[in-house]
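Sequential numbering of the sequence shown, starting at 21, is according to the numbering used here.
All residues carry an ideal CB built from backbone N, CA and C; glycine is no exception.
These numbers come from a predicted model, not from an experiment.
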Amino acid sequence: YITEDLPHSIFEIEGARECAIEFCSFSKLAGFTGIRLGYTIVPRELKVGGVEVRKLWSRRQSTKFNGASYLTQRAGEAVFSEQGQREIRETIAYYQRNAKTIYTGLSRLGWEVYGAVNAPYIWLKTPDKMGSWDFFDYLLVQAGIAGTPGSGFGPCGEGYFRLTAFGSDVKTAEAVERISQLF
């Protein structure tokens, strides 16, 4: 979802090959939620006690995991085709428009709103000092809208709430309108 001129990989940062492992998933990028396809990059330069972590990782994976099915691998391959890349760009643009709709609508209410840039998630400070779960219950019962209470991400998330842009543009606009009517 990163559309700005920012690093897309930890390995674009100098020195990262000696201290980082990168885990990548197709779930958000290509809509593979539930299919479970991704990859891990363990650079040769990464060592612990003089031993290549890559070799240890490879050994672990080969004993604990049989690999993705052929169908899943072919779907992953299609992601990198010209058509796959075009469709991913279109999908990301669609969800980013939804994110902007949510961000703009909630900002108009005077709420503290974060995100919606380079990600399909929108975070907000819950209104009226409402607890995360209280706000969840209120939105669900009063507007038929579900989101994720910030406290689900740990104690520092209390008082925040996360919405996603993974819906149709029509349903997204409708959800923003329902929230606006409540507040």
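**Request:** List the whole-angstrom C-beta distance separating E110 from G151, where the pair is believed to meet the contact cut-off of C-beta under 8 Å.
**Result:** So it is not a contact: roughly 38 Å between Cβ atoms.
**Message:** Can you tell me whether G118 is buried or exposed? The criterion is at least 16 other CB atoms within 10 Å of its CB, across all chains shown.
**Reply:** At residue 118 the sequence reads Asn, which differs from the Gly that was named. Classification for N118: buried.
**Asked** Going by beta carbon distance, what residues of the same chain come within less than 7 Å of T23, once the five residues before and after it are set aside?
**Response** N138
**Prompt:** When the distance is taken between beta carbons, is L66 closer than 8 Å to R106?
**Reply:** no
**Request:** With DSSP collapsed to three states, give me the class of I122.
**Result:** helix
**Prompt:** Which whole-angstrom value is the C-beta distance of I122 and T192, which I expect to be below 8 Å?
**Reply:** Confirmed, about 6 Å.
**Asked** So, helix, strand or coil for G177, using DSSP?
**Response** helix
**Request:** Let me know the secondary structure DSSP gives E24 once reduced to three states.
**Result:** E24: coil per DSSP, three-state reduction.
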